[in-house]
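Residue numbers (numbering that gives the first Met the number 0), protein chains in the order written: chain A, 0 to 297; chain B, 0 to 299; chain C, 0 to 434.
Every residue, glycine too, gets a C-beta built ideally from N, C-alpha and C.
It should be emphasised that the depicted structure is a prediction, and the values quoted were computed from it without experimental measurement.
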Amino acid sequence: MSDFWFEFVEITQTVGDGLLFGATYALIGIGFTLIFGAMGKLNMTYAGASLAGAYAGLAAFTFVNAPALVVFLVSALASGFIGFVVYVACFRFIPVNNHLAALMASIGALFFIDEIVIHATDGSPLTFPAMFEYVMFDLGPYGIRGDLLFVFVVCVVSTAGLVYVLYRSRLGLATRAVSQQDVAARLCGIDVHRTNAITFVLAGLLGGIAGSMTAAAVGVLSPLVTIPLTVKGLIVTVIGGLGSIPGAIVAGLLVGGLENVFLYFRGVNERDMYVLLLLFVFLVFRPHGISGTAIDRD
Amino acid sequence: MAYYLGLVQLIGIHTLLGLSAYVLMLTGQLSLGQAGFFAIGAYSAGILTVIFELPVLPALLAGALIAAFFAFLVGFPALRVKGLMLVVATIAFSEFVRLFFFNLSWRVPRGDISVGPDSTNGFREIRYFVANGWSAFEITAFVWIFVILVMALLWWADRSRAGAVLRAVGEDELAAQSVGINLTAVKVAAMTAGGFIAGIGGALYAHTATYIDHLTFTVLLATFAIAYPILGGLSSVFGTLVAVIFIQGVLVEGLRFLGDWRNIVFGLLIIAAMNLKPSGLFDAPTARMLKRAVGLDGRG
Amino acid sequence: MENSTRSGTSIRAMTFASVAAAALAVTLTAFAQPALAETERTVKIAGWGAKSGPLRSFGVNSEAVLTAAVQAINDAGGVKLGDGTMAKMELTYYDSACNADQAISVARKVESQTEALIGIGPTCSGAAAAMYGIFQKTVGDASDTGLQFPILTDTAIRPGLAKKSQWTFRNVPNEIAMYDALFEWLRTQYPDAETIYGGTETDQAHSRLTFALVIVPMAKKHGFEWVGGGIEGVTGKVGEGRENVMEASKSSNWLMADTNFSVQARAFKKSGADMMIISSHPFTTCGMLKEMKRQRINPKVLVGLTSSSSAETLKGCSDAAEGMYIPTGFAPITEAAAQVAALAEANGGSADLHSAAAWENAHIIKQVVEATGVMAKPDTLVADRRKVRDGLEALANVDGLMGAIGRVQDEGESIKPYVFVQADAGSWTVVHDPR
């Protein structure tokens, strides 16, 4: 095998791994974007709540030895429930036009949820179950991780499910109506609070899947991941274009793939600097993100 | 006594950090990047006193100016983005700064050891105060001279036309523009002033802590920077001070007896405060009430 | 919400005012110091570490072991003071997270607001590096206004910290000696192993420094070569060629909160090294080990960082860690060590190379207090603290859980006995005991 061919395989494999892993970033990005689209607000708790959901799933694994699929399901449900609680605690009763107070309350909730998890686990890394954990598909010179493939498929399916709910059901119609024109929606008899709460639950369900998929892909879960995942989720949201679900998907995969390329060529110390530069490039040359139709409001 | 003075120093430094975000918030800009300017001030001033062996005052002013310069540069592209976009852009900036210092290694020999920033190993030996025999009281006074100066200046500016202009931009950009306010100048000026104030805070922090590393300047610190003005309210500079005392004095230090439950209570209290007083602990009605209580009631 | 009434607002304000008043009252009580009327003399010690934040387990373990140690000392009669009185030892433990400000704040609080004779902590090396900086550098230097209060750290392990001040001491494992001996032993066990490769978490100073300053140089000293060269500057002497090591491992390192290790593991695989080194804390050690298992990388020898020889690694990935060698300063192999492990468990923590030092520290303090004639009266506090410091300085040898601990006098550090452990079916098994 020539050097060039070897290098080519290495790079494509690197990009491929990153793309598969990027699916989890995409899910987190979708969650941020969904809530922003609905309320025009930033829910800083989101990534932390997603991981907390994964911890609830892990509890099912630890205490009743539930199979991996049940663990993922419990994660999603728990995170959906947390989403509802966060809505009530941080958004429902704070005046609609007070963005700062809602933002700050959600930061308080992030601290709270994170610290609860830390208390429950002493912050130790814990084994997280995965599907097809040590399966490796060999395709010629390439190896594809079975578990990541599964993660990728789950991400695609749950995104498709979300899009179906948003665009094909009455519920979705209400959600979209509120996100586009909440006064008009109210006049049409849509209960804005109820719709917002449902958006939070939906985003939460998705977050629980993202959290458990991230944990499954690493194989270990630790509260260390919360802040980096929050930052990465926000970057994906902005690169994708605020409020755009397709944008968040593309941006998640893009960040996942490129981050591996930066790592491969420049080493880990500079990797994240290039990801941030990528964001700056978007902000300067394409401030509305990939989708180009971002909702422009503060 | 040293403990209380240390706490008072910390409150002063965090007040500067909070005020740097406060200035921006008046113009309606929310920045989660103040930790970046704080880091620039801390590293620059530390390098000046340790490597170039400058006295602390010029080092501090230079550190603040360097931070202000970067804030000025950030100000222009930041004009293009608003709201959440600006939040994320500023997070990205401050993370970039943190990663820069994470990679920075600049060591010079000093006697039998070497000093200066040492990437992950951190920047030790920023011991200007103790090495020159400053007492805890003198350090505290030094810190608070800057806090009082900055607060007085902002308070005065708030009463003058400058404050009205800042707030006008924060309330309604379009209206402000239509009465002839130059948005670019106002926003960039606010960003620069915020950078300068954060830079002073960072420079003071580096010298009171004697050690900094990149992990000091994470998003968490930036979160605190905006938490102070939001919790305190934007009605006056005193709100930020009240919030710093509330968080650093009451929640972090005062609740220490709660042991490891303290951090859980911490999050809950922030949620409660925002639900009960969404415009801040020190909002306009509270300020009026207090004034009435001490017999200073004017027109409110 | 828009039409909330005036009365609604005032109820809100009142609720808030009462919450605020209650918080203030509680705080004032907390700040108020108990009256200094002592009925009984006690030897007070203070401990602090991370009991909140992602590194909480360190603080929990440390507190559990310290509590057990103080209990054991008191059960055996307590500590003998300078005038022959037997006094009880009393511990107060504080949470300082993994945070420099909080570690400094607790140090100041303990020094000025309590009668503690000595402090044990903090957890994180970064916090320790900052905290040590506020202490007086040279004892008796009146122009240096740093704190004058002795510290005997149990956990923060980053090389070479305690030298910062003559008031700060540590009782942490000496990684240089440990890895030196480990590679010497591995040389005899695996005579045909020639090459090494490895990675570290570069934003964690302890992992990174130990990797570049200690592990790789010690491996080279015992005849292991980095795959493909690149560490020529490394001479086997600690610290030399550190940049070469970081450059050679550029594409195989990660950060402490990373979740994707595919690129790094492929670099490991490509190297084909006989011996692979993972210098990292449990979370990323597990992430990396799992990825290596997926990519079916099976080196002849796997070496880990001292800090990963704990229960955390086994909780995270006992299957993937199978076979990994780590040198450690604690294993429940002596009777005393086994007893401490059991007591720690009973107090809700676990004894490992970090927390076990807390047990030794409590006993070292007892020994020092008895040797220097500490009086433990309110008016002898300053003198007592000085005595404890001088006593620590003068220590040449103390009994540790694993055998005698030597003290490096002018550096404030320990030379502790150690053993080599290997992950074996979900537990750490001692495979070699050089004591």
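Determine whether the Cβ of ILE175(C) lies closer than 7 Å to any Cβ atom of chain B.
Taking the third sequence and counting its residues from 1, one reaches residue 175(C) at position 176. Not one chain B Cβ lies under 7 Å of ILE175(C).
Flag this pair as touching only if the stretch 84-102 of chain A and the stretch 251-261 of chain B have three or more C-beta atom pairs under 8 Å; answer yes or no.
A contact is defined here as three or more CB-CB pairs under 8 Å, and the stretch 84-102 of chain A fails this definition with respect to the stretch 251-261 of chain B.
LEU185(C) - containing alpha helix (DSSP H), residue span:
To locate residue 185(C), count along the third sequence from 1; it is residue 186. In this chain, the alpha helix (DSSP H) harbouring LEU185(C) covers 174-188.
Unbroken stretches of the alpha helix (DSSP H), 4 residues or longer, contained in the stretch 206-245 of chain A
Taking only runs of at least 4 residues, the alpha helix (DSSP H) segments lying wholly in the stretch 206-245 of chain A are 225-239.
Where VAL191(A) falls: helix, strand or coil (DSSP):
One-based indexing of the first sequence puts residue 191(A) at position 192. In the three-state scheme derived from DSSP, where H, G and I count as helix and E and B as strand, VAL191(A) is classed as helix.
Cross-chain neighbours of ASP111(B) in chain C, by beta carbon under 7 Å
Position 112 of the second sequence, counted from the first residue, corresponds to residue 111(B). Those within 7 Å of ASP111(B) in chain C number zero; the least Cβ separation is about 11 Å.
Quick check on TYR92(C): does DSSP put it in helix, strand or coil?
Position 93 of the third sequence, counting from 1, holds the residue named residue 92(C). Of the three classes helix, strand and coil, the one that applies to TYR92(C) here is strand, per DSSP.
When MET43(A), GLY246(A), ALA59(A) are compared against THR225(A), the one with the closest alpha-carbon
Numbered from 1 along the first sequence, position 226 holds the residue referred to as residue 225(A). That would be MET43(A), whose Cα lies nearest to the Cα of THR225(A).
On the DSSP letters alone, give me the boundaries of the alpha helix (DSSP H) that TRP427(C) sits inside.
Working through the third sequence from its first residue, we reach residue 427(C) at position 428. Following the DSSP letters along the chain, one finds TRP427(C) in no alpha helix (DSSP H) but inside the beta strand (DSSP E) bounded by residues 426-431.
Check each residue of the stretch 59-91 of chain B: if its Cβ is closer than 7 Å to any Cβ of chain A, include it; give the result in chain order.
Against chain A - using a Cβ distance shorter than 7 Å - the residues of the stretch 59-91 of chain B are PRO76, ARG79, VAL80, LYS81, GLY82, LEU83, MET84, VAL86, VAL87, ALA88, ILE90, ALA91.
Need the endpoints of the alpha helix (DSSP H) that LYS289(C) sits in, please.
Here residue 289(C) corresponds to residue number 290 of the third sequence, with the count starting at 1. Membership of LYS289(C) in the alpha helix (DSSP H) is indicated by the continuous run 281-293.
Since ALA45(C) is in the beta strand (DSSP E), which residue starts that stretch and which ends it?
Translated into the one-based positions of the third sequence, residue 45(C) becomes position 46. Where ALA45(C) is concerned, the enclosing beta strand (DSSP E) stretches over 41-48.
When you compare the CB positions of GLY11(B) and TRP143(B), do they come within less than 7 Å of one another, or not?
For the purposes of this step, residue 11(B) is taken as residue 12 along the second sequence, with counting starting at 1. For the purposes of this step, residue 143(B) is taken as residue 144 along the second sequence, with counting starting at 1. Taking 7 Å as the cut-off, the Cβ atoms of GLY11(B) and TRP143(B) count as close.
Would you say GLY179(B) and PHE36(B) are within 7 Å of each other, going by their C-beta atoms?
Looking up residue 179(B) in the second sequence gives position 180. Looking up residue 36(B) in the second sequence gives position 37. At a Cβ-Cβ threshold of 7 Å, GLY179(B) and PHE36(B) do not count as neighbours.
Starting from TYR324(C), follow the alpha helix (DSSP H) in both directions and report where the run begins and ends.
On the third sequence, position 325 is the one that residue 324(C) refers to. From DSSP, TYR324(C) is part of no alpha helix (DSSP H) but of the beta strand (DSSP E) over 324-327.
Pairwise C-alpha distance: LYS314(C) and GLU62(C)
Numbered from its first residue, the third sequence carries residue 62(C) at position 63. Numbered from its first residue, the third sequence carries residue 314(C) at position 315. Taking the straight line from one Cα to the other gives about 20 Å.
Return the CA-CA distance between ARG169(C) and GLY132(C), expressed in angstroms with no decimal places.
Taking the third sequence and counting its residues from 1, the one referred to as residue 169(C) is at position 170. Taking the third sequence and counting its residues from 1, the one referred to as residue 132(C) is at position 133. Within the model, the alpha-carbon separation for ARG169(C) versus GLY132(C) is close to 15 Å.
To the nearest angstrom, report how far apart LEU16(B) and TYR204(B) are at their CA atoms.
Walking along the second sequence from the start, residue 16(B) turns up at place 17. Walking along the second sequence from the start, residue 204(B) turns up at place 205. CA-to-CA, the gap between LEU16(B) and TYR204(B) works out to about 10 Å.
Own chain residues within Cβ distance below 8 Å of ALA335(C), not counting five before or after
By 1-based counting over the third sequence, the position of residue 335(C) is 336. Scanning its chain for C-beta atoms nearer than 8 Å, with the 5 sequence neighbours on each side dropped, one finds around ALA335(C) the residues LEU400, in chain order.
Whole-angstrom distance between THR305(C) and GLU183(C), CA atom to CA atom:
One-based indexing of the third sequence puts residue 183(C) at position 184. One-based indexing of the third sequence puts residue 305(C) at position 306. One C-alpha to the other measures close to 17 Å.
Within 7 Å (strictly less), CB to CB, does ASP157(B) reach chain C?
What you label residue 157(B) is simply residue 158 of the second sequence in a count that begins at 1. No, ASP157(B) does not count as interfacial toward chain C.
Taking 7 Å as the CB-CB limit, is ASN346(C) close to chain A?
As a working note, residue 346(C) is residue 347 in the third sequence. ASN346(C) does not count as touching chain A.
Would you verify that the beta carbon of PRO66(A) is, or is not, closer than 7 Å to some beta carbon of chain C?
As a working mapping, residue 66(A) is identified with position 67 in the first sequence. Not one beta carbon of chain C lies nearer than 7 Å to the beta carbon of PRO66(A).
Could you check what DSSP says for GLY303(C) in three-state terms: helix, strand or coil?
As a working note, residue 303(C) is residue 304 in the third sequence. Strand, per DSSP.
Environment of ILE42(B) [buried if 16+ CB atoms lie within 10 Å]
Taking the second sequence and counting its residues from 1, the one referred to as residue 42(B) is at position 43. Inspection of the sequence shows that residue 42(B) is occupied by Tyr rather than by Ile. Answer is buried; the Cβ neighbour count reaches 16.
Can you tell me the Cβ-Cβ gap for GLU110(C) and PHE148(C), rounded? I've got them flagged as a contact below 8 Å.
Here residue 110(C) refers to the residue found at position 111 when the third sequence is read from its first residue. Here residue 148(C) refers to the residue found at position 149 when the third sequence is read from its first residue. Between PHE148(C) and GLU110(C) the Cβ distance is about 4 Å, and since that is below 8 Å, they are a contact.
Those residues which DSSP pairs with PHE419(C) across a bridge
Numbered from its first residue, the third sequence carries residue 419(C) at position 420. Paired residues: PRO326(C), HIS431(C).
Let me confirm a value: GLU290(C) is counted as buried when at least 16 other C-beta atoms fall within 10 Å, else exposed. Which label applies?
Counting from 1 along the third sequence, the entry for residue 290(C) is found at position 291. It is buried - the Cβ of GLU290(C) has at least 16 other Cβ atoms within 10 Å.
Just checking, does the stretch 147-167 of chain B make contact with the stretch 217-236 of chain B on the three C-beta pairs under 8 Å criterion?
In the pairwise beta carbon analysis, the stretch 147-167 of chain B is classified as touching the stretch 217-236 of chain B: at least three pairs are separated by under 8 Å.
DSSP three-state label for PRO108(B), please.
Taking the first residue of the second sequence as 1, we reach residue 108(B) at position 109. PRO108(B): strand per DSSP, three-state reduction.
How big is the Cα-Cα spacing for ALA242(B) and PHE199(A)?
Within the second sequence, the letter at position 243 stands for residue 242(B). Within the first sequence, the letter at position 200 stands for residue 199(A). For ALA242(B) and PHE199(A), the distance between alpha carbons rounds to 30 Å.
Roughly how many angstroms lie between the CA atoms of ILE117(A) and ASP259(B), to the nearest whole one?
Counting from one through the first sequence, the residue named residue 117(A) turns up at place 118. Counting from one through the second sequence, the residue named residue 259(B) turns up at place 260. Linking ILE117(A) to ASP259(B) through their CA atoms gives a straight-line distance of about 10 Å.
Report buried or exposed for VAL70(A), applying the criterion of at least 16 other Cβ atoms within 10 angstroms of its Cβ.
Position 71 of the first sequence, counting from 1, holds the residue named residue 70(A). Looking at its Cβ environment, which holds 16 or more other Cβ atoms inside 10 Å, VAL70(A) is buried.
I need the DSSP call for VAL78(C), collapsed to helix, strand or coil.
Your numbering for residue 78(C) matches position 79 in the third sequence. VAL78(C) falls in the strand class under three-state DSSP.
What's the gap between the Cα of LEU394(C) and the Cα of THR371(C)?
Residue numbering aside, residue 394(C) sits at position 395 when the third sequence is read from its first letter. Residue numbering aside, residue 371(C) sits at position 372 when the third sequence is read from its first letter. Going by the C-alpha atoms only, they are around 11 Å apart.
I need the straight-line Cα distance from THR152(C) to TRP358(C), nearest angstrom please.
Residue mapping note: residue 152(C) aligns to position 153 of the third sequence, counting from 1. Residue mapping note: residue 358(C) aligns to position 359 of the third sequence, counting from 1. Taking the straight line joining both Cα atoms gives about 12 Å.
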